[in-house]
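**Student:**
Residue numbers (the UniProt record's numbering), protein chains in the order written: chain D, 1 to 298; chain P, 1 to 298.
#1: Determine, for residue 104(D), whether the minimum Cβ-Cβ distance to residues of chain P falls below 7 Å.
#2: What residues in the region 190 to 202 of chain P have a beta carbon less than 8 Å from any beta carbon of chain D?
#3: Closest to residue 55(D) by C-alpha separation, out of 296(D), 290(D), 294(D) and 298(D), would be which residue?
#4: Under 7 Å between C-beta atoms, does residue 118(P) make it to chain D?
#5: Establish whether the CB of residue 86(P) and some CB of chain D are separated by less than 7 Å.
#6: Against residue 110(P), what residues of chain D qualify as contacts under a CB-to-CB distance less than 7 Å, listed in chain order?
#7: If you draw a straight line from the C-alpha of residue 14(P) to the C-alpha of residue 183(D), how long is it?
#8: With a threshold of 7 Å on Cβ separation, who are the neighbours of residue 166(D) within its own chain once the five nearest residues in sequence on each side are excluded?
#9: Between which two residues does the alpha helix (DSSP H) holding residue 262(D) run?
#10: Specify, as a first and last residue, the run of the alpha helix (DSSP H) that residue 123(P) falls within.
#11: Please check if any C-beta of chain D sits within less than 7 Å of the C-beta of residue 300(P).
#12: Just how far apart, CA to CA, sit residue 72(D) and residue 279(P)?
#13: Ignore the nearest five residues each way along the sequence and tell me which others in residue 292(D)'s own chain have a CB closer than 8 Å to its CB.
#14: Is the region 191 to 199 of chain P close to the region 141 to 157 of chain P, with three or more CB pairs under 8 Å?
#15: How do the region 90 to 100 of chain P and the region 224 to 233 of chain P stand: do at least 3 beta-carbon pairs fall below 8 Å, yes or no?
#16: Answer with buried or exposed for residue 19(P), where buried requires no fewer than 16 other C-beta atoms within 10 angstroms of its C-beta.
#17: Taking the Cβ atom as the reference point for each residue, do residue 128(P) and residue 81(P) lie within a distance shorter than 7 Å?
#18: Mapping the DSSP letters down to three states, classify residue 49(D) as helix, strand or coil.
#19: Considering only the beta carbon of each residue, do residue 294(P) and residue 262(P) sit closer than 7 Å?
#20: Apply the 10 Å Cβ neighbour rule to residue 275(D) and answer buried if 16 or more other Cβ atoms are within range, or exposed otherwise.
#21: For my contact list, residue 141(P) and residue 140(D) are in at a C-beta cut-off of 8 Å; report their separation, rounded to the angstrom.
#22: Closer than 8 Å by C-beta to residue 209(P): which residues in its own chain qualify, once you throw out the five before and the five after it? Chain order, please.
#23: For residue 228(D), which three-state DSSP category applies?
#24: What does the alpha-carbon distance come out to for the pair residue 68(P) and residue 4(D)?
#25: Quick one: list the residues of chain D neighbouring residue 138(P), beta-carbon separation under 7 Å, in chain order.
#26: Please give me, in chain order, every unbroken run of the alpha helix (DSSP H) with length at least 4 that falls completely inside the region 9 to 94 of chain D.
#27: Could you work out which residues of chain P lie near residue 325(D), taking near to mean beta carbons separated by less than 8 Å?
#28: Could you name the residues of the region 141 to 153 of chain D whose beta carbon sits closer than 9 Å to any beta carbon of chain P, in the order they occur along the chain?
#29: Which residue comes first and which comes last in the alpha helix (DSSP H) that contains residue 147(D)?
#30: Determine whether the beta carbon atoms of residue 282(P) and residue 61(P) lie at a separation below 7 Å.
#31: If you drop the 5 nearest sequence neighbours on each side, which residues of the same chain put their C-beta closer than 7 Å to that of residue 41(D)?
#32: Please list the terminal residues of the continuous alpha helix (DSSP H) segment that includes residue 202(P).
#33: Since residue 126(P) meets chain D, which of its residues come closer than 7 Å, beta carbon to beta carbon?
#34: Residue range of the alpha helix (DSSP H) that residue 290(D) falls in?
#35: Would you report the Cα separation of residue 31(D) and residue 64(D), rounded to the nearest angstrom?
#36: For a test of the three-state rule: what should DSSP assign to residue 133(P), helix, strand or coil?
Here's what the structure looks like:
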């Protein structure tokens, strides 16, 4: 698999994902239509779809059915979208621009944004329970458990809470890393494993390696985010740039400096590749995705 | 089973539930501790625990293991608590008093309340996937699907969205009923079925009757809520009384008048009993619960 292949694959995956999300989300014509409109607005037509790609790439390792992967990836992306909707609200980060569009509470209203986020979380779990994702229902329950843990107070939501508490404080590097392993990392790690679980039963050692890959890529994703937030302008980024710095939030660049942060991202990339060394060519999309995540420019 | 028995049973169930919720919720000593503190504050030490009682009573019909019922009831109560936390926020109902205590965003802050609600929803699904609730994992997946649907945009969250849209509007009685069947009714209906699914496999007809019971009780619960909101003061109610009237929200009492609303509640109670007529004495707690819900004074 060469880089040109990867670009084509990622475009195809993004297109397939957009169609799947459109089908998985309730239509605007179904009541309550304003809520459904807000849910669709929050999820569709935007984002890099990194997490869905990790689900699909994880699924290639276990020869998973793409139809199953589309559902798992859809659930992951709905959780990601709901977290952004709530994170952008005035009582959290108070952001008005996301993916180049007004944030959901600006486009609709705060109450609708709150409920759209809530309903997207419910929908994610509904999809994971309602569709056959594994030949073994017990494995599917395990997937839901793994996924819910990644979303909750000891995963993504917990990371956001630590992030809030950190404003104006001087975190140490290990504290910053812990926050991001929860806030961004948990869902990214879960994405890889969710994809892998959709296929043939995986051995514990395989799952451990994939989890280590996910942990490295999740952290690298955040380090690169901080670097881009420091270096880019809002137009390129599609969201308000330099915001973390202005809000006096600790970032990798503020704690380490720009050049060491870039070096750290490359080390994490090397670790991610190391974690995959026992896998054959079916893990190449995961390898290419790690490269993409670290070398992206927005 | 006589009424005295029922009082003892409901006290025992509430006590058991409080202990179970205390165990199921993450300890304050686990990071992020402020978030876990807010989650515990939002769920523990309060509420009538009507939904958990419906889970336990539903489980009696199918001879379900009380340990399983405690988990299912815990998940239902966490969803109920999260919906109250979000509903009380300034961008929704902007309420400062709940169960006789300051609401979560008042006691903590808005961002923490938002995240605590989000994390409670995740935890509910985590519990339902992580604990054995049925001998058949496929039935357990069905339970999660049923439950997620009751929480989402075509259940509780959807009902709240319709409620928001209804402020200052004149709804018809069928529109009001539709709103409440989603907003309050969906979770109450799911509670009965979740309990029943924890035991022996139920036949489709049995589940249909239980669902009809749940629908009647769910609606009756809301009608009685409106009656109490009209007749009580805040001290008795443990929340701000007369608020819906002041907010110009349509209620059963405002649309029907007080006496017809009381009569409607009694009709729904009769329908609930009718739905249970094919069940033996194991459904008596459900019968008594319906009586309690309609005849309660707060």
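Even glycine gets a Cβ: it sits at the ideal position worked out from N, Cα and C.
**Tutor:** With the given structure in hand:
#1: Residue mapping note: residue 104(D) aligns to position 104 of the first chain, counting from 1. No, residue 104(D) lies away from the interface with chain P (no Cβ there is under 7 Å from its Cβ).
#2: none
#3: Here residue 55(D) refers to the residue found at position 55 of the first chain. Comparing Cα positions, the closest option is 290(D).
#4: Position 118 of the second chain, counting from 1, holds the residue named residue 118(P). True, the Cβ-Cβ gap to chain D drops below 7 Å.
#5: What you label residue 86(P) is simply residue 86 of the second chain in a count that begins at 1. Yes, residue 86(P) lies at the interface with chain D (some Cβ there is under 7 Å from its Cβ).
#6: Stepping through the second chain from its first residue, residue 110(P) is reached at position 110. Simply 91.
#7: Within the second chain, numbered from 1, the residue matching residue 14(P) stands at position 14. Within the first chain, numbered from 1, the residue matching residue 183(D) stands at position 183. Cα-Cα distance, rounded: 35 Å.
#8: Taking the first chain and counting its residues from 1, the one referred to as residue 166(D) is at position 166. The residues are 179, 249 and 250.
#9: Position 262 of the first chain holds residue 262(D). From DSSP, the alpha helix (DSSP H) with residue 262(D) extends over 258 to 275.
#10: In the second chain, counting from the first residue as 1, residue 123(P) sits at position 123. Counting along the chain, the alpha helix (DSSP H) containing residue 123(P) begins and ends at 110 to 130.
#11: In this structure chain P extends from 1 to 298, so residue 300(P) is not present and cannot be described.
#12: Here residue 72(D) corresponds to residue number 72 of the first chain, with the count starting at 1. Here residue 279(P) corresponds to residue number 279 of the second chain, with the count starting at 1. Residue 72(D) and residue 279(P): Cα-Cα distance of roughly 40 Å.
#13: Along the first chain, one-based indexing puts residue 292(D) at 292. Closer than 8 Å at Cβ, skipping near neighbours: 6 and 10.
#14: yes
#15: Taking a cut-off of 8 Å for Cβ pairs, the region 90 to 100 of chain P and the region 224 to 233 of chain P do not touch, as fewer than three such pairs fall below it.
#16: Against the second chain, residue 19(P) aligns to sequence position 19. The residue is exposed, with fewer than 16 neighbouring Cβ atoms inside 10 Å.
#17: One-based indexing of the second chain puts residue 128(P) at position 128. One-based indexing of the second chain puts residue 81(P) at position 81. With contacts defined as CB atoms closer than 7 Å, residue 128(P) and residue 81(P) fail to qualify as a contacting pair.
#18: As a working mapping, residue 49(D) is identified with position 49 in the first chain. Coil, per DSSP.
#19: What you label residue 294(P) is simply residue 294 of the second chain in a count that begins at 1. What you label residue 262(P) is simply residue 262 of the second chain in a count that begins at 1. Cβ atoms of residue 294(P) and residue 262(P): not closer than 7 Å.
#20: Position 275 of the first chain, counting from 1, holds the residue named residue 275(D). Flag for residue 275(D) reads buried.
#21: For this step, residue 141(P) is matched to residue 141 along the second chain. For this step, residue 140(D) is matched to residue 140 along the first chain. Going by Cβ atoms, the distance from residue 141(P) to residue 140(D) rounds to 6 Å, so yes, they are a contact pair.
#22: The sequence position of residue 209(P) within the second chain is 209, counting from 1. So the list reads 275, 276, 278 and 279, once near-sequence residues are dropped.
#23: As a working mapping, residue 228(D) is identified with position 228 in the first chain. When DSSP states are grouped into helix, strand and coil, residue 228(D) belongs to the helix group.
#24: Walking along the second chain from the start, residue 68(P) turns up at place 68. Walking along the first chain from the start, residue 4(D) turns up at place 4. In this structure, the CA atom of residue 68(P) is about 52 Å from the CA atom of residue 4(D).
#25: For the purposes of this step, residue 138(P) is taken as residue 138 along the second chain, with counting starting at 1. Within chain D, the residues near residue 138(P) are 137.
#26: 33 to 43, 50 to 61 and 66 to 87
#27: The question about residue 325(D) has no answer, for chain D in this structure spans 1 to 298.
#28: 141, 142, 143, 144, 145, 146, 147, 148, 149, 150, 151, 152 and 153
#29: In the first chain, the residue the question calls residue 147(D) occupies position 147. That run of the alpha helix (DSSP H) goes 137 to 151.
#30: By 1-based counting over the second chain, the position of residue 282(P) is 282. By 1-based counting over the second chain, the position of residue 61(P) is 61. Result yes, Cβ atoms of residue 282(P) and residue 61(P) sit closer than 7 Å.
#31: Locating residue 41(D) in the first chain gives position 41, where the first residue counts as 1. Same-chain partners within the cutoff: 104 and 107.
#32: Mapped onto the second chain, residue 202(P) falls at position 202. Looking at the DSSP string, residue 202(P) is not in any alpha helix (DSSP H), and its letter there is neither H nor E.
#33: Along the second chain, read from residue 1 onward, the residue named residue 126(P) stands at position 126. Chain D residues near residue 126(P): 145, 148, 149 and 152.
#34: Here residue 290(D) corresponds to residue number 290 of the first chain, with the count starting at 1. Per DSSP, residue 290(D) belongs to the alpha helix (DSSP H) from 284 to 295.
#35: Counted from its first residue, the first chain places residue 31(D) at position 31. Counted from its first residue, the first chain places residue 64(D) at position 64. One alpha carbon belongs to residue 31(D), the other to residue 64(D), and they sit about 35 Å apart.
#36: Here residue 133(P) corresponds to residue number 133 of the second chain, with the count starting at 1. The answer is coil: DSSP assigns residue 133(P) none of H, G, I, E or B.
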